[in-house]
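For what it's worth, my numbering labels the leading residue of the sequence shown as 1, then goes sequentially.
We put the CB at the ideal spot given by N, CA and C, even for glycine.
Values in this document were obtained by computation on a predicted structure and should not be read as measured data.
Working notes, beginning with the structure itself.
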Amino acid sequence: MDSVTKIIAALAAPAQTQRLLQLQTSLGSDVLVAEALSGVEQIDGTGFVLDVTALSVDARMSPDDLLGQPVLLQMQATGAPRDFHGHVTAVERLGSNGGLARYRLRLQPWLAFLAQRVDSYVFHDRSVVEIVEDIFADYSGLVPAWRWALADRSQYARRSLTTQYQESDLAFLQRLLAEEGIYYWFEHAGDPGNARLGAHTLVLADNHQGARDLGAVRFHRSDVTERTDSVQQWSTARRWCTTKVARASWDYRTLELRQASAEADTAHGAAGEDIDTSGPYGWQDNARGQR
């Protein structure tokens, strides 16, 4: 291809060469070109939500061709691109000017699909690990990837009775994992040459050993000449919150009420107490309840 042909091709449609953001979808390379990114990445919750505005020469693109499909978004960074892999959970056409059409895509992990199924179910003599994997197995069509990073899996004993009642699979898992002190995040790996464009893996942990060292980010003034990331503003905030939690569970085997509580150290005195029951036989003994 000669230089004139390259120029004509570049003017005919947007391309992703040398762009800060590169978007790969099931429609093929350069069909959608990333224009802007706005998103949240977090521990727990659904993991991440990314809203990508993209441009295309096709103003009649069908949302059904993208909805639910895997997507890879790569952000140019120092040393290597930063990969974000997920599924399209929403597609919106924002308009066109006769030459280019603008679309908005929402990217979320496979975990977000668990919010779409509401169920009631009782698990007997299953540990938290077994319950979580039982539910994940129902979503094999999404090719979910996850791994456990627990300090000691044996400390999670079988739960006599665990009830999911009229709640989504996601809400149930979030509640269950919070009870057991397990948190989670996602790790991304891009592979533009693969049909699934890579993978995002859910990591479930109860310690900090499995987390990667993120290094240091310098505190620096805002400057248009900056070439590296920096923290440009820092402020403190305080808010009133509950400082004590108390739970009780009836042990129908020994006919005893098992109680557990925890209180945070604070210089401002007690701010309130969260009191509730955990259902029958919520824990096997007081030590487990206290944990």
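DSSP bridge partner residues for residue i (one or two, in chain order)
i      : result
Phe186 : Leu202
Ile275 : Ala246
Asp119 : Glu167
Gly39  : Leu50
Phe84  : Leu73
Tyr103 : Ala54, Arg93
Val33  : Leu55
Gln108 : His87
Asp251 : Glu256
Val231 : Phe219
His124 : Leu161
For residue i, the first and last residue of its enclosing alpha helix (DSSP H)
i      : result
Gln74  : No alpha helix (DSSP H) holds Gln74; the beta strand (DSSP E) holding it covers 70-75.
Gly289 : 286-290
Val129 : 128-136
Among the options, the one whose alpha carbon lies nearest that of residue i
i      : options                        : result
Ala178 : Ala195, Ala205, Glu187         : Ala205
Phe136 : Tyr156, Arg153, Gln155, Ser168 : Ser168
His87  : Ser230, Leu73, Cys241          : Leu73
Val57  : Ser154, Arg175, Asn97, Arg221  : Asn97
Arg93  : Thr225, Leu111, Asp64          : Asp64
Asp285 : Glu256, Ala267, Asp276, Glu226 : Glu256
Ala267 : Trp240, Ser235, Thr89          : Trp240
His188 : Ala199, Asp276, Gln42          : Ala199
Gly190 : Phe84, Gly79, Arg19            : Phe84
Cβ pair residue i, residue j closer than 8 Å
i      : j      : result
Arg106 : Val49  : yes
Thr243 : Ala264 : yes
Leu37  : Leu21  : yes
Arg102 : Asp125 : no
Ala151 : Asn207 : yes
Val129 : Trp146 : no
Ala237 : Glu273 : no
Leu67  : Val91  : yes
Leu202 : Phe186 : yes
Pro109 : Thr46  : yes
Asp44  : Tyr156 : no
Leu176 : Ala115 : no
Thr228 : Thr53  : no
Ser235 : His220 : no
Gln232 : Ser222 : yes
Delimiting residues of the beta strand (DSSP E) encompassing residue i
i      : result
Ala260 : 256-263
Phe48  : 48-56
Ala149 : 145-149
Gln22  : 21-24
Close-in-space but distant-in-sequence residues of the same chain around residue i (CB under 6 Å, 5 per side omitted)
i      : result
Leu100 : Leu55
Arg82  : Met75
Tyr165 : Ser120
Gly279 : none
Phe123 : Ile131, Thr162
Ala10  : Residue confidence is low: Ala10 scores 49 on pLDDT, short of 50, so the model does not pin down where it sits. No coordinate-derived value is stated.
Gln25  : Before going further, note that residue 25 is Thr rather than Gln in the sequence given. Here the set comprises Leu32, Val71.
Gly289 : Arg258, Ala260, Trp283
Gln69  : Ser26, Val88
Close beta carbons around residue i, own chain, < 7 Å, minus the five adjacent residues each side
i      : result
Val132 : Leu173
Phe113 : Tyr139, Leu142
Pro192 : Gln24, Leu72
Asp51  : Ser38, Gly39, Arg104, Arg106
Gly95  : Arg102
Val4   : Below a pLDDT of 50, predicted positions are generally treated as unreliable, and Val4, at 43, falls in that range; the measurement from the model is reported next regardless. There are no such residues.
Arg153 : Val129
Beta-carbon proximity list for residue i, same chain, < 8 Å, skipping 5 on both sides
i      : result
Ala287 : none
Tyr281 : Ser160, Leu161, Ser249, Trp250, Asp251, Tyr252, Arg253
Gln16  : Gln22, Leu23, Ser29, Asp30, Val33, Ala34
Gly181 : Asp206, Arg291
Glu226 : His220
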